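Read left to right, the sequence shown gives residues 55 to 461 (the working numbering).
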Amino acid sequence: MIDKTFWTGLSASALLVGGVLLGGSAAAADKAWLEKLEPRVLKLADFSGDQNANFGRAMVEWEQAVTKFTNGKITFENYWSSSLLNAVNTLDGVGDGVADIGLIIPTYYPQKLPVGAWLFGLGGALSGSTVHDVAAGGAAALETVLTLQPLTDEYASHNLKVMQATSTPAYNLLCNKPISSPEEAAGKRARAIGAVWSDTVTALGMTPVSIAWNESYEGLQRGVFDCMVINPNQYVDGLILKDVAPEYVPVTMAQLQASTWVMNLEAWNSFPVELQNFMTEESVRAAANIWKGYLQIEAKAGDLIAAGKEVHTNDVSKLEPLAKAQREAAVAKLASVAPPTVTDAQGVVDNYLKRIAYWTDALVAEGYPVADRTPEAILKSFAGLRDVDLSDFSKKFNDEVTPKLKK
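Right, here's the structure in full:
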């Protein structure tokens, strides 16, 4: 099945100009704003990878669209793989203008971004079915991050404008020995960084350990720990763990929630509304491209897992209920630990659960049922990831949500 472009979802009033599809309002706007626009080079800092990585590809497309829309007046310098800012100083770096655009993981800043870090707990509200966790979870996260006032105010207090956010597939266990029961899990050590994962590890009877990322491969190889909480794409990407953790234990762990792209607020406020609205439209498209990218990455891991030669899939039917119960309990008590700036915490949680159910139902209606967590169903779902077409889903999001985000 051929994946149609995201922008098939735009309204009939949209206009193709110079190879760039403009929203109807932007296309019809007086071009006086463009004549007054001062040329500017914006610096983008991404610690997570380079221009060929999932985030990088999406953001380069975003940049190209903005440059063309402004007739070359807005251009970009990219600093990949922590070459300008790393994962723990991007917030201050973008706020201070060292870079104009950057990637934020809110849990790295629990003191400065208490609302963002708190929302990370909603990463436990997922099904384990990759398509639904990536697209429905991503849509719910994007909608929430862009519209939740306490969160946007929190970022603004650091001189930041939220541009877009996405969520990863569910995390699982990649282990160096078979684990398919509580008895086999008991006492095993699993690398789990953050309570959203370590609490689930504990619920399985395992012991969470904190090991530096760059020491993970050797730690698994030497038996310093037994499992790693991570996406299965690490079999073919990043650490390439197939040689040291050949046991795939697909118990459902929380997804990494709301990886957020931000822009320096002063830079954002300096742009005319026509450009702001276009950047918003393109940011939604970038998020959709990241969703599709995640599916392709997971499909590569699925090929390896389905082959069954280098990686063995464990039956988690006895483990999954324990993980699910823990995740549901954690989400249920989120409201009681919300930061004081979230005045209706239970309403925020309830609305998020409602929205993720809404977007999940939309995918089911398109013919993508939620996959069971049996080895057979998991392998079947992996096999179909490359054929997933999110065009109609993206159209639905664009029609229903994007207009609310623009001025």
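The beta-carbon is built from N, C-alpha and C at its ideal position, and this holds for glycine as well. From a predicted model like this one, the values you see are computed outputs, not experimental measurements.
Sequence-distant residues of its chain with Cβ nearer than 8 Å to residue i (five each side left out)
i, result
"LEU433", "GLY356, ILE359, ALA360, THR367"
"ARG409", "ALA193, ALA194, GLU197, THR198"
"VAL114", "GLN105, ASN132"
"LEU459", "LEU200, THR201, THR334, VAL338"
"LEU138", "LYS97, ALA99, GLY147, VAL152, ALA153"
"GLY248", "THR161, PHE174"
Range of the contiguous alpha helix (DSSP H) that encloses residue i
i, result
"GLY156", "No alpha helix (DSSP H) holds GLY156; the beta strand (DSSP E) holding it covers 155 to 158."
"TRP345", "327 to 361"
"GLN380", "374 to 386"
"PRO44", "The first residue shown for the chain is 55 and the last is 461, placing residue 44 beyond what the model contains."
"ASN323", "319 to 323"
"ARG409", "399 to 419"
"SER270", "270 to 276"
"LYS122", "108 to 123"
"VAL199", "191 to 201"
"TRP458", "Before going on, a small fix: residue 458 reads as Lys here, not Trp. Looking at the DSSP string, the run of the alpha helix (DSSP H) that includes LYS458 is 456 to 459."
"GLY151", "Here GLY151 belongs to no alpha helix (DSSP H), and DSSP marks it neither H nor E."
"ALA239", "236 to 239"
Contact set for residue i: own chain, Cβ-Cβ below 7 Å, skip 5 residues either direction
i, result
"ASN140", "PHE101"
"LEU157", "ASP100, PHE101, SER102, PHE109, THR144, SER313, TRP315"
"VAL298", "ASN230, TYR271, LEU274, GLN275"
"GLN14", "For residue 14 there is no data in the structure shown, the boundaries of the chain being 55 and 461."
"ILE284", "TYR225, LEU228"
"VAL402", "LEU202, VAL396"
"ASP280", "CYS229, ASN230, LYS231, LYS242, ARG243, ALA244"
"GLU454", "none"
"GLU420", "ASP446, PHE447"
"TYR162", "ALA141, VAL142"
"VAL255", "ALA244, ALA246, PRO262, VAL283"
"LYS166", "LEU145, HIS212"
"TYR348", "ASN108, VAL188, THR222, PRO223"
"SER264", "ILE247"
"LEU444", "ALA189, ALA342, TRP345, LYS346"
Residue interval of the beta strand (DSSP E) (run including residue i)
i, result
"THR220", "214 to 220"
"TYR163", "Counting along the chain, TYR163 falls outside any beta strand (DSSP E), and DSSP gives it neither H nor E."
"ILE284", "281 to 284"
"LYS97", "94 to 100"
"PRO262", "261 to 263"
"ARG440", "Unbroken run through ARG440: none, as it is neither H nor E."
Residue i at chain B interface by Cβ criterion, 8 Å
i, result
"PRO93", "Given the protein chain composition of this structure (a single chain), no chain B is represented."
Exposure of residue i, with buried meaning 16 or more beta-carbon neighbours within 10 Å
i, result
"GLY77", "Note that GLY77 scores 42 on pLDDT, short of 50, meaning its location in the model is unreliable; the coordinates nonetheless yield the value given after this. It is buried - the Cβ of GLY77 has at least 16 other Cβ atoms within 10 Å."
"ALA240", "exposed"
"ALA379", "exposed"
"VAL391", "exposed"
"GLN309", "buried"
"THR184", "buried"
"VAL169", "buried"
"ALA82", "Its pLDDT being 36, under 50, ALA82 is placed unreliably in this model, and the value from its coordinates should be taken loosely. With fewer than 16 Cβ atoms within 10 Å of its Cβ, ALA82 is classed as exposed."
"VAL142", "exposed"
"ASP187", "buried"
"TRP413", "buried"
"ILE294", "exposed"
"ALA153", "buried"
"VAL120", "buried"
"ASN125", "exposed"
"GLN218", "buried"
"THR129", "exposed"
"PRO93", "exposed"
"VAL370", "buried"
"LYS346", "buried"
"ALA257", "buried"
Cβ-based neighbour list, residue i, same chain, cut-off 6 Å, excluding 5 preceding and 5 following
i, result
"ALA9", "Residue 9 cannot be examined here, being either before or after the span of the chain that is shown, 55 to 461."
"TRP116", "GLU336, ALA340"
"VAL327", "LYS461"
"THR306", "GLY182, ALA224, ALA377"
"ASP426", "none"
"PHE451", "ALA193"
"GLY149", "HIS212, ASN213, LEU214"
"PRO164", "ALA171"
"GLY259", "PRO236, ALA239, ALA240"
"ASN287", "ILE351, GLU352, ALA355"
Bridge partners - residue i, DSSP secondary structure assignment
i, result
"ILE128", "ARG94"
"HIS366", "GLU301"
"ARG245", "VAL263, MET282"
"GLN309", "ALA224"
"TRP315", "LEU157, GLN218"
"TYR54", "One cannot answer for residue 54 here, as it falls past the ends of the chain, which runs 55 to 461."
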